[in-house]
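Inspection log for the structure reproduced underneath, given as structure tokens.
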Amino acid sequence: MTHIITSLCVRDRGCIDVCPVECMIPGQPVSEWPWIYIDPDTCIDCGACVPECPYAAIFPEDEVPAAYTAKGGEYISKVGLDGHFEGTNHHGNPIVLDTAKQLAAGEVVDLTEDIKPNYDFFESGPGYSANDVDDGM
Ligand code: SF4
Ligand code: SF4
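In case it helps, this note's numbering puts the sequence shown at residues 8 to 144.
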């Protein structure tokens with residue numbers, strides 16, 4: 008199995024440094040790969056990244072919610088959305104996302120749709136080569 012980062016990820020980067028096997032890769036270009044991605048072949052399911060995420064975006068693959076109910080105010084970010092998110096990440100660098108949407112309280116979102124892009128990132132997307140063009144966002 009693997010852990011999965013879902014579209015609740017806004018690139019805070021709080022998770023990356025705690026991973027003991029360095030399998031969490033910031034997507035690039037951000038407009039096509041807006042999250043951090045976990046290499047499913049390398050993740051050892053230790054769970055260390057989960058409590059580090061201020062946005063509760065990380066789940067064991069078999070616990071990704073098919074019906075996530077929004078508290079209200081949180082953002083999802085995924086290709087195809089056109090809302091704007093701005094913030095500051097764990098390292099003090101600015102975050103700007105133009106693939107975002109703010110959720111209303113009670114809105115229900117299927118986060119299992121986010122599982123496939125995590126695999127695609129390593130199978131047909133940039134994978135580890137995204138580290139070569141990492142801009143810190
Ligand atoms: S800590 Fe959470 S929001 Fe930040 S990069 Fe990791 S998964 Fe995304
Ligand atoms: S569960 Fe452990 S090995 Fe997998 S991505 Fe998180 S910190 Fe890394």
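All C-beta atoms in this analysis are idealised placements derived from N, C-alpha and C, irrespective of residue type, glycine included. Values in this document were obtained by computation on a predicted structure and should not be read as measured data.
Spell out a yes or no on whether the segment 115 to 126 and the segment 70 to 85 are touching, meaning 3 or more CB-CB pairs, one atom from each, closer than 8 Å.
-> Contact between the segment 115 to 126 and the segment 70 to 85 is present, because at least three Cβ pairs lie under 8 Å.
For M8, is the beta carbon positioned less than 7 Å from some heavy atom of ligand 2?
-> no
In this structure, does DSSP put L118 in helix, strand or coil?
-> The answer is helix: DSSP assigns L118 an H, G or I state.
Among F128, G134 and I45, nearest to M8 - alpha-carbon criterion | I45
What's the C-alpha gap between Y135 and S14?
-> 20 Å
Rounded C-alpha distance that separates S131 from C50 | S131 and C50: Cα-Cα distance of roughly 18 Å.
With 16 other CB atoms within 10 Å as the buried threshold, where does G34 fall?
-> buried
In DSSP terms, what E29 is bridged to = In the DSSP output, where bridge partners are listed per residue, E29 has none listed.
For K85, which three-state DSSP category applies?
-> coil
Return the bridge partner residues of G94 from the DSSP annotation.
-> I102
Taking E68 as the reference, which of D52, K108 and C60 has the closest Cα?
-> D52
Three-state secondary structure (DSSP) at A137?
-> In this structure, A137 counts as helix in the three-state DSSP scheme.
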